[in-house]
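Below is one structure; the comments refer to it alone.
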Amino acid sequence: MSEKELYSKICVVQGIKPVVSEARDEVVEENTLFKISCNLATILARDKEVVAVRLKTSDGCKAYLSKNGPWLDEDFVYISKIMEYLRNMSKDPLNESEANSAALITEILSYCSNKLGSRIKKLRNDLIRDKDKKYIKSFIKYASNMLKEFDPKKLNDVDKSKISVICQSYYEQLDETYKNKIPEKHLGHLRKVGSYIASVVNLKICASSEKYKVLFSNIELCILKPTAIKTGQPIYSWECVIRSFVPNNVDYERFKDKCLNDEHIKKRLKMIYPVKKKERPDEKSGQPDEEIQLNDDNIKIRAYLHAEMNILVNMIDQEDKSKAFIALSKRCCYLCELYINFARKRGYNIIVSGNHRKIYRGWKFPQVTSNSFRIGSLKYILANLDRVIDNKIKHYTESLDTDSDSSVGSEDFNDDVYDHKKKCVYRLVMGYDP
Numbered sequence: 108m109s110e111k112e113l114y115s116k117i118c119v120v121q122g123i124k125p126v127v128s129e130a131r132d133e134v135v136e137e138n139t140l141f142k143i144s145c146n147l148a149t150i151l152a153r154d155k156e157v158v159a160v161r162l163k164t165s166d167g168c169k170a171y172l173s174k175n176g177p178w179l180d181e182d183f184v185y186i187s188k189i190m191e192y193l194r195n196m197s198k199d200p201l202n203e204s205e206a207n208s209a210a211l212i213t214e215i216l217s218y219c220s221n222k223l224g225s226r227i228k229k230l231r232n233d234l235i236r237d238k239d240k241k242y243i244k245s246f247i248k249y250a251s252n253m254l255k256e257f258d259p260k261k262l263n264d265v266d267k268s269k270i271s272v273i274c275q276s277y278y279e280q281l282d283e284t285y286k287n288k289i290p291e292k293h294l295g296h297l298r299k300v301g302s303y304i305a306s307v308v309n310l311k312i313c314a315s316s317e318k319y320k321v322l323f324s325n326i327e328l329c330i331l332k333p334t335a336i337k338t339g340q341p342i343y344s345w346e347c348v349i350r351s352f353v354p355n356n357v358d359y360e361r362f363k364d365k366c367l368n369d370e371h372i373k374k375r376l377k378m379i380y381p382v383k384k385k386e387r388p389d390e391k392s393g394q395p396d397e398e399i400q401l402n403d404d405n406i407k408i409r410a411y412l413h414a415e416m417n418i419l420v421n422m423i424d425q426e427d428k429s430k431a432f433i434a435l436s437k438r439c440c441y442l443c444e445l446y447i448n449f450a451r452k453r454g455y456n457i458i459v460s461g462n463h464r465k466i467y468r469g470w471k472f473p474q475v476t477s478n479s480f481r482i483g484s485l486k487y488i489l490a491n492l493d494r495v496i497d498n499k500i501k502h503y504t505e506s507l508d509t510d511s512d513s514s515v516g517s518e519d520f521n522d523d524v525y526d527h528k529k530k531c532v533y534r535l536v537m538g539y540d541p
């Protein structure tokens with residue numbers, strides 16, 4: 108048992124079964140702090156970054172922030188501005204200025220512009236591709252009533268804040284019966300585009316409430332530095348790993364052929380393992396002129412620590428077993444889920460905002476101070492990877508799942524307060540009361 112074995116099996120699993128099972132949200136109790144954490148994770152993530160947030164209020168209020176890449180100077184400037192806007196809201200909630208709210212919206216949408224733009228693009232593709240579907244016609248009609256110049260084909264030219272308001276407003280007025288008739292993927296696109304305005308509304312409510320204004324006015328930031336990217340990590344060959352499960356040569360060759368004849372698996376294997384051009388390709392046989400080097404033992408990969416793992420390492424090293432909700436801008440992967448499950452077995456009370464159950468070969472194994480915890484978690488993850496590989500070998504014709512991620516729901520705020528704050532934000536963005 109070694110980390111080399113772990114990284115080798117991670118690569119094998121990503122090649123043959125990158126999605127272990129369906130994505131899922133965790134059952135989260137209704138809690139305002141959880142909602143605030145999720146909102147902060149949403150507005151602190153830009154481009155393809157993943158951000159994790161944990162609010163700890165046992166002794167004052169500490170906000171632990173982590174992401175899967177380096178923190179840049181512009182990140183610190185942005186975070187400082189967001190905290191200042193929230194402090195201003197908490198100091199004078201009754202006379203909160205629209206200028207402060209407008210500035211908050213502008214900062215968020217500017218910082219998250221690329222990520223929001225990418226999500227709007229996915230929504231636009233839905234509207235154009237499925238324009239004849241009843242649920243698409245319903246949304247377009249609703250959006251056109253809110254914004255006269257609304258045109259799905261010109262969605263990229265519309266003010267992003269207005270699109271976010273339209274999506275959030277439309278999503279909120281859908282009843283559960285109708286939602287069940289709409290594809291989850293499209294609902295996810297609506298929810299994600301609307302999540303930015305939803306976050307502004309929720310943060311305004313909390314910052315100006317009697318219960319939480321002290322929290323926002325005295326919040327202490329703990330921005331965790333990402334660990335160094337692990338480069339040059341050697342792994343065993345694909346053949347070496349698979350033969351440890353299939354020692355019989357005939358069975359091995361048959362499984363390998365099945366994998367190479369599956370275009371999806373073959374494409375992923377080519378991304379992980381080296382490909383060599385054949386010196387004399389047989390053009391008549393129609394065989395490919397390249398070959399994936401599945402027996403190559405001279406392979407090295409790079410890996411980085413996922414954002415939620417950085418927060419968890421901080422907790423484990425401090426032996427902090429208090430209840431912790433870790434909000435993520437994207438659901439956590441299968442390997443993070445396994446590590447968290449093991450931590451729970453050791454007494455850590457951890458809740459995350461959801462799991463997408465995908466496996467990434469660039470996942471870095473957390474290095475904690477406790478040798479016992481490190482060895483135990485390594486054994487636990489390896490045992491689960493072995494199960495995935497063994498099941499795939501036995502059922503190699505099993506179809507692969509699709510990608511999905513979504514945000515997490517949380518408690519209902521007081522309806523009157525929520526509606527008032529929502530109307531203020533919507534009016535600020537749209538220029539009228541929608």
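To convert, count from 1 in the sequence shown and add 107; that's the numbering used here.
Glycine included, C-beta positions come from ideal geometry on N, C-alpha and C.
**Coarse secondary structure for phenylalanine 472, derived from DSSP in three states** = coil
**Asked** Three-state secondary structure (DSSP) at leucine 331?
**Response** coil
**Asked** Excluding five sequence neighbours on each side, which residues of the same chain lie with their C-beta closer than 6 Å to the C-beta of arginine 534?
**Response** Asp540
**Prompt:** So, is glutamate 343 buried or exposed, given that buried needs 16 or more other C-beta atoms within 10 angstroms?
**Reply:** Note on identity: in this sequence residue 343 is tyrosine, with glutamate being the wrong assignment. With 16 or more Cβ atoms within 10 Å of its Cβ, tyrosine 343 is classed as buried.
**Message:** Relative to the C-alpha of leucine 223, which candidate in Val353, Val272 and Asp358 has its C-alpha closest?
**Reply:** Nearest Cα to leucine 223 within the set Val353, Val272 and Asp358: Val272.
**Given lysine 174 as reference, the closest of Phe362, His413, Ser315 and Lys116 once Cα atoms are compared** = His413
**Message:** Measuring straight from C-alpha to C-alpha, what distance separates valine 127 and isoleucine 117?
**Reply:** Put simply, the backbone Cα of valine 127 is about 12 Å away from that of isoleucine 117.
**Asked** From isoleucine 268 to aspartate 427, what distance separates their C-alpha atoms?
**Response** The residue you asked about is not isoleucine; residue 268 is serine in the sequence shown. Cα-Cα distance, rounded: 39 Å.
**Asked** Among the residues of its own chain, which have a CB less than 6 Å from the CB of isoleucine 150, if the five just before and after it don't count?
**Response** Closer than 6 Å at the Cβ level, and outside the excluded window around isoleucine 150, lie Ile215 and Ser306.
**Request:** Can you give me the start and stop residues for the beta strand (DSSP E) that threonine 164 sits inside?
**Result:** First-last for threonine 164: undefined, no H or E at that position.
**Request:** Starting from the N-terminal side, write out each stretch of the beta strand (DSSP E) that is 3 residues or longer and does not extend beyond the stretch 372-437.
**Result:** 382-384, 397-399, 406-410 and 431-435
**Item:** Reduced DSSP secondary structure (H/G/I, E/B, other) of valine 158
**Value:** Correct three-state label for valine 158: strand.
**Item:** Terminal residues of the beta strand (DSSP E) in which lysine 261 lies
**Value:** Premise fails: lysine 261 is in no beta strand (DSSP E) and is neither H nor E.
**Request:** Select from Pro290, Ile406 and Ile212 the residue whose C-alpha is nearest the C-alpha of lysine 240.
**Result:** Checking every option, the nearest Cα to that of lysine 240 belongs to Pro290.
**Prompt:** Going along the chain, which residues of its own chain have a beta-carbon closer than 6 Å to the beta-carbon of tyrosine 218, five neighbours each way excluded?
**Reply:** Arg153 and Tyr185
**Prompt:** Under 8 Å between the Cβ atoms of glutamate 327 and glycine 167?
**Reply:** yes
**Prompt:** Are there 16 or more other CB atoms within 10 angstroms of the CB of lysine 124, so buried, or fewer, so exposed?
**Reply:** buried
**Backbone CA spacing between glutamine 275 and lysine 363 [nearest angstrom]** = Straight-line spacing of the CA atoms in glutamine 275 and lysine 363 works out to 47 Å.
**Message:** With distance defined between alpha-carbon atoms, name the residue in Val321, Lys501, Asp264 and Arg298 nearest to glutamine 280.
**Reply:** Checking every option, the nearest Cα to that of glutamine 280 belongs to Arg298.
**Request:** Identify which residue in Lys311, Tyr285, Asn356 and Asn221 has its Cα closest to the Cα of asparagine 207.
**Result:** Lys311
**Asked** Hey, isoleucine 500 and valine 353 are a contact pair by Cβ (cut 8 Å); roughly how many whole angstroms apart?
**Response** 6 Å
**Item:** Integer Cβ distance of glycine 469 from tyrosine 411, believed to fall under 8 Å
**Value:** Confirmed, Cβ separation roughly 6 Å.
**Request:** Quick one: measure Cβ to Cβ for asparagine 309 and lysine 142, integer angstroms, because I've assumed they're closer than 8 Å.
**Result:** 6 Å
**Request:** May I have the straight-line CA-CA distance separating isoleucine 243 from isoleucine 270, to the nearest angstrom?
**Result:** 15 Å
**Per-residue DSSP class, three states only, for lysine 337** = strand
**Asked** Does the stretch 422-437 come close enough to the stretch 446-457 that 3 or more CB-CB pairs lie under 8 Å?
**Response** yes
**Cα-Cα separation, aspartate 508 to arginine 226** = With a pLDDT of 37 at aspartate 508, under the threshold of 50, the modelled position of that residue is not reliable, and no figure is offered here.
**Item:** Counterpart residues of lysine 363 in DSSP-defined beta bridges
**Value:** DSSP output for lysine 363 lists no bridge partner at all.
**Request:** Indicate the three-state DSSP secondary structure (helix, strand or coil) for lysine 269 in the structure shown.
**Result:** helix
**Opposing strand residues paired with cysteine 439 [DSSP bridges]** = Asn462
**Request:** Assign alanine 170 to one of three DSSP states: helix, strand, or coil.
**Result:** strand
**Message:** Taking 8 Å as the threshold (C-beta atoms), are tyrosine 303 and tryptophan 345 in contact?
**Reply:** no
**Item:** tyrosine 277 vs phenylalanine 246 beta-carbon contact at 8 Å
**Value:** yes
**When Asn252, Lys337, Asn195 and Leu401 are compared against glutamate 110, the one with the closest alpha-carbon** = Lys337
**Request:** Measure the C-alpha to C-alpha separation of leucine 113 and histidine 463 and round it to an integer number of angstroms.
**Result:** 20 Å
**glutamine 425 burial status per 10 Å Cβ neighbour count (16 or more: buried)** = The residue in question, glutamine 425, is exposed, as its Cβ has fewer than 16 Cβ neighbours within 10 Å.
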